[in-house]
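Heads up: the structure comes next, in structure tokens.
Number of protein chains: 2
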Amino acid sequence: MAEQSKDRKGNNEGEQQTTKSRRRGDVLENALLSAAWEELRETGYSRLTMEAVASRAKTNKNAVYRRWPSKAELIVAALKKHTPTPSLEAPDTGNLREDVLTLLKRIIKPMQMIGAETIHGLMVEYHGDELHSKMTLPPRSEDILAIAMKNILLNAERRGEVKLEELPDRVITLPVDLIRFEVLTTHTLLTDEAVVEIVDIIFLPLVQKLNKQG
Amino acid sequence: MAEQSKDRKGNNEGEQQTTKSRRRGDVLENALLSAAWEELRETGYSRLTMEAVASRAKTNKNAVYRRWPSKAELIVAALKKHTPTPSLEAPDTGNLREDVLTLLKRIIKPMQMIGAETIHGLMVEYHGDELHSKMTLPPRSEDILAIAMKNILLNAERRGEVKLEELPDRVITLPVDLIRFEVLTTHTLLTDEAVVEIVDIIFLPLVQKLNKQG
DNA sequence: TAAGATACAGTACGTACCGTACCTTAATTA
DNA sequence: TAATTAAGGTACGGTACGTACTGTATCTTA
């Protein structure tokens, strides 16, 4: 984002803006992203307007369009800045169940913060664009969450808990896919209990079954 | 939809409209729904406008707004009219695998016809409204596809293929949920092979496993 | 069959938001 | 200090929304 901010003093230290001076560069950019984030939380994606974001940031649309060409890209930038990026390192607690639960619980938080409406809205706006592939899931083999799951399973295999070659990609991504589905289609919050259910009554039994029969 | 058409001659017989007379009631309504359907296919949900629908139906927005208060409700009505409603009767081929495959293949077609962009668009527009629950999935126990799956499994239980009480709702809806997820997140078409995969490497192994351990 | 009600066709309007263009001026850089 | 950059401010043309108001074809009913 913000290709313009290449060579600029990152003067972010002036938190309290007493002088009525003109904000520039990163300061203004952060103000815009914060405004976008707040607008998103208060009015939701579909009702959020570029004008409202600009005016909340006490500037005008130019400052927004100079940086992001569309609402979708603005919001993606705001999400990157204002939602935690969970670590996708394999937890390695020495136990497959715990490892998977740990990963899933980690990734739930940012998903909840973003929310279904925003995800749906982004999917719609990207449709038809060349940007479409940025929102649509990549092939399972390239999906970063699939890779994280695979790393966990590699550790489990090292411990003799699973035989990885018996597990099709579809099974490996199953817990993650179910959580994504749940976030997209349920209006109630995704609880830790639901995550435990997915692992205990679907993923682990399936992994055990495939290990035996393989 | 169309609360106004309570007591009216359903004069749908005049297919070929030679007289330049004024269309009314169901004739006009069908013309509007067809126009909406065609616009949807040609321009997609997000770019479809009420004005374009009206003008394609050779009338004006009033005729549209008189019947459907929003684009979302218009489109839902158009989908009801122009996509097949698959039978949700349990197939009962005498074999669990075939029954499930038959059901899933049946429900795929209308999902494909509707398409991900429209579903996402509808989800966005319904958000915040009281209509939200119409688009969001109901609790598993009330989901019509879950009930269809349950009927299939009841037949299988009668044949001794499964023990239904061992199967949590989450498992029963699993194939259907995965298909819904696939339609929502994949841009490529959902193939019959993917359906077979879901059944053969996820659902059936899981059902077998839960039967044994239960 | 005439009177009355209905709802379609046509038009126009105010509003909202889009994305862009232009100008002035503050801040940064050379 | 001069030149350059990017901010703030404003205004514009364009699209689509949703509503209101006209006149009239059609249906209903008495």
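Taken in order, these protein sequences are the chains called Z and S. Using this note's numbering, the first residue of the first sequence is number 1208, and each one after it goes up by one. Using this note's numbering, the first residue of the second sequence is number 1208, and each one after it goes up by one. For each residue, glycine too, the CB sits at the ideal point set by N, CA and C. Quick caveat: nothing in here was measured; it's all calculated off a predicted structure.
Determine the direct distance from the alpha carbon of residue j to that of residue i, and round the result to whole angstroms.
{"i": "Leu1374 (chain Z)", "j": "Ala1270 (chain S)", "result": "56 Å"}
{"i": "Thr1309 (chain S)", "j": "Val1403 (chain S)", "result": "10 Å"}
{"i": "Asn1418 (chain Z)", "j": "Phe1410 (chain S)", "result": "15 Å"}
{"i": "Arg1365 (chain S)", "j": "Ala1401 (chain S)", "result": "28 Å"}
{"i": "Glu1349 (chain Z)", "j": "Ser1228 (chain Z)", "result": "47 Å"}
{"i": "Thr1266 (chain S)", "j": "Asn1237 (chain S)", "result": "13 Å"}
{"i": "Pro1317 (chain S)", "j": "Thr1392 (chain S)", "result": "16 Å"}
{"i": "Leu1239 (chain Z)", "j": "Val1383 (chain Z)", "result": "32 Å"}
{"i": "Leu1371 (chain S)", "j": "Ala1242 (chain Z)", "result": "52 Å"}
{"i": "Tyr1272 (chain Z)", "j": "Pro1291 (chain Z)", "result": "25 Å"}
{"i": "Val1390 (chain Z)", "j": "Thr1380 (chain Z)", "result": "15 Å"}
{"i": "Met1356 (chain S)", "j": "Leu1413 (chain Z)", "result": "19 Å"}
{"i": "Lys1268 (chain Z)", "j": "Glu1332 (chain Z)", "result": "19 Å"}
{"i": "Arg1369 (chain Z)", "j": "Arg1387 (chain Z)", "result": "Checking the sequence, you will find Val at residue 1369 (chain Z) rather than Arg. Distance between the alpha carbons of Val1369 (chain Z) and Arg1387 (chain Z): 24 Å."}
{"i": "Arg1230 (chain S)", "j": "Ser1262 (chain S)", "result": "14 Å"}
{"i": "Ala1353 (chain S)", "j": "Leu1247 (chain S)", "result": "29 Å"}
{"i": "Gln1415 (chain S)", "j": "Asp1376 (chain S)", "result": "15 Å"}
{"i": "Asn1422 (chain Z)", "j": "Ile1408 (chain Z)", "result": "Any property of residue 1422 (chain Z) remains undetermined from this structure, which presents chain Z solely from 1208 to 1421."}
{"i": "Gln1420 (chain S)", "j": "Gly1367 (chain S)", "result": "16 Å"}
{"i": "Trp1244 (chain S)", "j": "Ile1351 (chain Z)", "result": "37 Å"}
{"i": "Leu1255 (chain S)", "j": "Leu1255 (chain Z)", "result": "20 Å"}
{"i": "Leu1235 (chain S)", "j": "Leu1235 (chain Z)", "result": "53 Å"}
Since residue i and residue j are thought to touch, with beta carbons under 8 Å apart, how far apart are those beta carbons, to the nearest angstrom?
{"i": "Asp1399 (chain Z)", "j": "Lys1312 (chain Z)", "result": "6 Å"}
{"i": "Leu1281 (chain Z)", "j": "Val1260 (chain Z)", "result": "7 Å"}
{"i": "Glu1324 (chain Z)", "j": "His1334 (chain S)", "result": "4 Å"}
{"i": "Gln1319 (chain Z)", "j": "Leu1397 (chain Z)", "result": "6 Å"}
{"i": "Arg1304 (chain S)", "j": "Val1378 (chain S)", "result": "In fact, because the Cβ distance is near 15 Å, the residues do not count as touching under 8 Å."}
{"i": "Leu1286 (chain S)", "j": "Ile1321 (chain S)", "result": "6 Å"}
{"i": "Met1257 (chain S)", "j": "Lys1288 (chain S)", "result": "Contact doesn't hold; Cβ gap of about 17 Å is too wide."}
{"i": "Ile1314 (chain Z)", "j": "Pro1293 (chain Z)", "result": "5 Å"}
{"i": "Trp1275 (chain Z)", "j": "Ala1264 (chain Z)", "result": "Incorrect: roughly 13 Å between the Cβ atoms, too far for contact."}
Which stretch, first to last residue, makes up the alpha helix (DSSP H) that contains residue i?
{"i": "Ile1359 (chain S)", "result": "Ile1351 to Arg1365"}
{"i": "Trp1244 (chain S)", "result": "Gly1232 to Thr1250"}
{"i": "Thr1309 (chain Z)", "result": "Leu1303 to Ile1321"}
{"i": "Arg1263 (chain Z)", "result": "Met1257 to Arg1263"}
{"i": "Lys1278 (chain Z)", "result": "Lys1278 to His1289"}
{"i": "Leu1417 (chain S)", "result": "Leu1411 to Gln1420"}
{"i": "Thr1292 (chain Z)", "result": "Per DSSP, Thr1292 (chain Z) belongs to no alpha helix (DSSP H) and is neither H nor E."}
{"i": "Asp1407 (chain S)", "result": "It is not in any alpha helix (DSSP H) - Asp1407 (chain S) carries neither H nor E in the DSSP assignment."}
{"i": "Thr1380 (chain Z)", "result": "Looking at the DSSP string, Thr1380 (chain Z) is not in any alpha helix (DSSP H), and its letter there is neither H nor E."}
{"i": "Val1369 (chain Z)", "result": "Neither: Val1369 (chain Z) is in no alpha helix (DSSP H) and is coded neither H nor E."}
{"i": "Asn1267 (chain Z)", "result": "No alpha helix (DSSP H) holds Asn1267 (chain Z); DSSP gives it neither H nor E."}
- prompt: Between the stretch 1325-1334 of chain S and the stretch 1245-1255 of chain S, do three or more beta carbon pairs fall short of 8 Å?
  reply: yes
field: Stretch-stretch touch, CB-based, cutoff 8 Å, three pairs: the stretch 1288-1306 of chain S with the stretch 1348-1363 of chain S
entry: yes
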